[in-house]
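Enquirer:
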């Protein structure tokens, strides 16, 4: 039997999973001896090299490189057979056991190994483990000796298990989480299960504990006890021993004798009468249970205690209150043999009708999907790495995590308990390439059940875990039914989540999921579900808003629908990280195919809200805005009367931990901040707040007032942020920005003081001292990842708008040189014509006015952009604009954009999406001013809000590069300003841009001005 080719084998010699932490450790992390073999049957040589553990060997220059696929397996064999070429890493480490561990039980802990782990200690085979994302532990006591010991961990990269670990991420090989030894007494605490229930009606919590005691001996000692200290209570309970089975009439197994009244009673008749609910004669109540307990004695070594109801602060993501629980194992003399400490949070998770409730309240799931990822290590994370992720998520108001698609690092859940996150904990099961087969394959039944059960066993005590997930994209079959049944029996306090159970029928799959958890639904589908009479479960999207490249359009439309539609409670954006690897530390992040691997799925792994270096995508600000703890619910009229109304959007907490400040925004800039004293406001409450006198005075005296800006920050230091950390910025619109030309504006004077005559080049484009290329029509953008989706790319490419030929029909300049008309046709390869007329006028002030008229034919129903592009000569380095900012925003992703006057270096405006594409836009702009050294300046004014883009890259530059770091900035500044620009949508996986944000056929006309000082 080959363990890497036998799906029925999930482990040999592996200890049961548990929820305990052990601090009496010997850390084995560090530099190990290593060699990579071509296959598991090959024999090691004397050629060892150093390797860091934990750490994937695929990220440490061993010759076996990372490999990215999404759905398809990276090799062409079929389950359960891995390929013959199967990299196998042999890791060797020598160590000495502390002298203080003499006589104690010693356990080896391997945090994670991909994908089959073979353990050898001092030449002795100790055990085997599978599951690349859960720890494997082995009792190595008998294999150790005094002095130097040798540990060899052999990891086989491909196995039968690989077919159910087909997640959308890089394939790696190696030991990816930490390795250590720990010791316990021979008789020890083996596990503790804690159910910390909260009763919202009474405000009290009840703690129920099940404590399992293990031993290296053949039986437990007599008179063992467990002691629990919690909430000011101290409880003692005996540890029961397993009694021998005894038939009726037999004595001597230690069980109480049956009462004399049983004599002459038909016990089998008594059993069936009890089961059927037949009233029993006096004195026989409970006798059947006693007799059955003698015949089928319960397991020994398991004690049950309940801490009585007591007042507690309930746990929630908003107020993650945790309590210590100390558990001791005592011998007959009361001497402590073993001890552990738990942190529990009192909360109740339940589903009532179409509502998921926490502590009796319906909550929003404002979540993201989370992979273990690091650009330098692949997926080996430190506790600080994870803490940094979670601190950032808290600052962006994210409150939920789905551990896609495997149980996260243990530190993730510890910190989620502490910082406050709702977690859907997902089992390490994804059979995407063979989803319809393996879910019903009996050879994989044990693996499905083992992975789900071990996840539950490890994570059961975490208050952050509000639901168990049976895995991802693995079909729906008998193996899921078995796993679901086990979880329901083992932990009835949490609901089940599994998208595969409902992906073909949102009203079915009830045995496998309590939550309707679709992927990438349309808004119409969500509304239809909510209105359906069979919709009787909460709908929480397991994945939506695919964040690939410049994406996440219409996130606000989703949340408008969620907040206004009963039965919808949110979801998990896909996903947190761009999985761009940087094994050399040179900042050149790679995606699929960059390591020469075949097959691969290109940049489909670059689909997160964070760049590989941890910098947030601009879309993160959209999440921050929509998930904010505070909103303004009043309008401009109320602000004019001197007050605003704010709403507390939280479910459990008031706003006393926040601080508020107001600013008046005008066309010329933003005024000073004035503190806003918001009263104590309970969760869900509203309050009218008077504006400070300084703000009222500014509103009345300033001209060109655009908005009232409310900034909300933390008032005190938090575990996840210092005081003063910005959580949201809200704007109350009070006016509309407009281009107001300066009185001294001119286009560049001649020697006699008159504006120079207009000059057109042979192509009919305006020539100007500050322009490298004159203004011309722009219809194409560098396609985004969503534009390149199989659902959209064909449609946009079919337009041929990236390959138009410009033909000038008319080119006229007036005799005085003060006006010109250029009429051109833009011909696509398929014969469509886009008509463009540009009328240029030199105004008396010296400004140059452009009147644009464009006709898009009905045969072009979907146009990427419609506007003007020009190239300014070298020398400009800064842009100031009046419009929306400060971060990138687009027509369907601008809920978080703020209206104002903004200034930034031109090099700071582009957004470095790893695969170059349309980026860096600013919405609803009415004016842009380019400046450089000295008094060089170029001002563009628009008669209506346009979409602005300023950079040192052309569309062609972006489309020609495969990675952002391949781009070379031009000296010229390229400026696009579009009267219509297609939204972003999220069609890489999911719905296309909504119709309201598409650019279609028709006649478009607008005016703009060019001015130089």
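Numbering (my numbering), first residue to last: 100 to 1112.
For each residue, glycine too, the CB sits at the ideal point set by N, CA and C.
(1) With a cut-off of 8 Å, do at least 3 Cβ pairs link the stretch 856-867 to the stretch 539-553?
(2) For residue 618, count neighbouring Cβ atoms within 10 angstroms of its own Cβ and tell me buried if that reaches 16, exposed if not.
(3) State the Cα-Cα distance for the pair residue 366 and residue 405, rounded to the nearest angstrom.
(4) Quick check: residue 564 and residue 615, are their CB atoms within less than 8 Å of each other?
(5) Report yes if the C-beta distance between residue 338 and residue 402 is below 8 Å; otherwise report no.
(6) Counting C-beta neighbours from all protein chains within 10 Å, is the total for residue 172 16 or more, i.e. buried, or is it exposed?
(7) Alpha carbon to alpha carbon, how far is residue 1108 from residue 1042? Give it in angstroms, no decimals.
(8) Threshold first: 3 residues or longer. Then list the beta strand (DSSP E) segments lying entirely within the stretch 258-345, N to C.
(9) Write down the C-beta distance between residue 156 and residue 174 rounded to the nearest angstrom, noting that I regard them as a contact closer than 8 Å.
(10) Between the Cα of residue 641 and the Cα atoms of 524, 919, 543, 698, which residue gives the shortest distance?
(11) Can you tell me the Cα-Cα spacing of residue 951 and residue 1017, whole angstroms?
(12) Do you know offhand how far residue 1049's Cα is from residue 1014's?
(13) Apart from the five residues on each side of it in sequence, which residues of its chain come closer than 7 Å, Cβ to Cβ, to residue 724?
(14) Just verifying my parser: in three-state terms, what is the DSSP assignment at residue 751?
(15) Hey, residue 278 and residue 153 are a contact pair by Cβ (cut 8 Å); roughly how many whole angstroms apart?
(16) When DSSP builds the beta bridges, which residues end up paired with residue 1050?
(17) Residues bridged to residue 248 by DSSP?
(18) Is residue 1093 near residue 653, with beta carbons less than 8 Å apart?
(19) For residue 521, report the span of its beta strand (DSSP E) as first-last.
(20) So residue 568 is in the beta strand (DSSP E); what residue range does that whole segment cover?
(21) With a 10 Å radius around its C-beta and 16 neighbouring C-beta atoms as the bar for buried, classify residue 94 as buried or exposed.
(22) May I ask you to report which of helix, strand or coil DSSP gives residue 1021?
(23) Could you tell me the alpha carbon to alpha carbon distance between residue 1105 and residue 749, rounded to whole angstroms?
(24) Go to residue 509, then tell me how far its alpha helix (DSSP H) extends in each direction, as first and last residue.
(25) Can you give the beta carbon distance from residue 1027 to residue 1111, rounded, assuming they're within the 8 Å contact cut?
(26) In whole angstroms, what is the alpha-carbon distance linking residue 126 and residue 190?
(27) Going by DSSP in three states, residue 618 sits in which element: helix, strand or coil?
(28) What is the C-beta distance between residue 264 and residue 532, in whole angstroms, given that I count them as a contact (C-beta under 8 Å)?
(29) By the 10 Å Cβ neighbour count, where 16 or more other Cβ atoms means buried, how is residue 434 classified, buried or exposed?
(30) Please confirm if the stretch 223-237 is in contact with the stretch 139-148, defined as three or more CB-CB distances below 8 Å between the two stretches.
(31) Would you call the CB atoms of residue 103 and residue 181 closer than 8 Å?
(32) In its own chain, which residues sit with a C-beta less than 7 Å from the C-beta of residue 514, not counting the 5 before and 5 after it?
(33) I'd like to know if residue 398 contacts chain D, where contact means its C-beta is closer than 8 Å to some C-beta of that chain.
(34) Exposed or buried, what is residue 437 when buried is set at 16 or more other beta-carbons lying within 10 Å of its beta-carbon?
(35) Report the option in 765, 330, 718, 386 whose CA atom is closest to the CA atom of residue 802.
(36) Report the rounded CA-to-CA distance for residue 467 versus residue 572, giving the unit in angstroms.
Expert: Based on what the coordinates show:
(1) No, because fewer than three Cβ pairs between the stretch 856-867 and the stretch 539-553 fall closer than 8 Å, the two stretches do not touch.
(2) The Cβ neighbour count for residue 618, taken over all protein chains shown within 10 Å, is at least 16; the residue is labelled buried.
(3) If I take the Cα positions, the gap works out to 33 Å.
(4) Not a contact, by the Cβ cut-off of 8 Å.
(5) Yes, the Cβ-Cβ distance between residue 338 and residue 402 is below 8 Å.
(6) So residue 172 ends up on the buried side.
(7) So the alpha carbons of these two residues sit roughly 9 Å apart.
(8) Counting only runs of 3 or more, we get 268-270, 273-283, 286-298, 303-314, 324-329, 332-337.
(9) The C-beta distance from residue 156 to residue 174 rounds to 18 Å, too long to fall under 8 Å, and the pair is not in contact.
(10) The candidate whose alpha carbon is nearest that of residue 641 is 524.
(11) Taking the Cα positions, residue 951 is about 23 Å away from residue 1017.
(12) So the alpha carbons of these two residues sit roughly 19 Å apart.
(13) Excluding sequence neighbours, residue 724 sits near 827, 994, 995.
(14) Residue state, collapsed to three classes: coil.
(15) Contact flag correct, Cβ pair sits at about 7 Å.
(16) Partner(s): 1073.
(17) According to DSSP, residue 248 bridges with 194.
(18) Going by C-beta atoms, residue 1093 is nearer than 8 Å to residue 653.
(19) From DSSP, the beta strand (DSSP E) with residue 521 extends over 521-525.
(20) Start and end: 564-568.
(21) Shown here, the chain extends from 100 to 1112; a query on residue 94 therefore has no answer.
(22) Three-state DSSP puts residue 1021 in a strand.
(23) Residue 1105 and residue 749 have their C-alpha atoms some 44 Å from each other.
(24) In the DSSP assignment, residue 509 falls within the unbroken alpha helix (DSSP H) covering 509-518.
(25) Contact doesn't hold; Cβ gap of about 13 Å is too wide.
(26) Their Cα atoms are separated by approximately 15 Å.
(27) Note: residue 618 maps to strand in three-state DSSP.
(28) Wrong, their Cβ atoms sit about 11 Å apart, outside the cutoff.
(29) So residue 434 ends up on the exposed side.
(30) No: fewer than three Cβ pairs fall under 8 Å.
(31) Yes. Within cutoff.
(32) Same-chain partners within the cutoff: 485, 486, 489.
(33) Absence of chain D from the displayed structure is noted, only one protein chain being present.
(34) Buried, by the Cβ-count rule.
(35) Checking every option, the nearest Cα to that of residue 802 belongs to 765.
(36) The straight-line gap separating the alpha-carbon atoms of residue 467 and residue 572 is approximately 17 Å.
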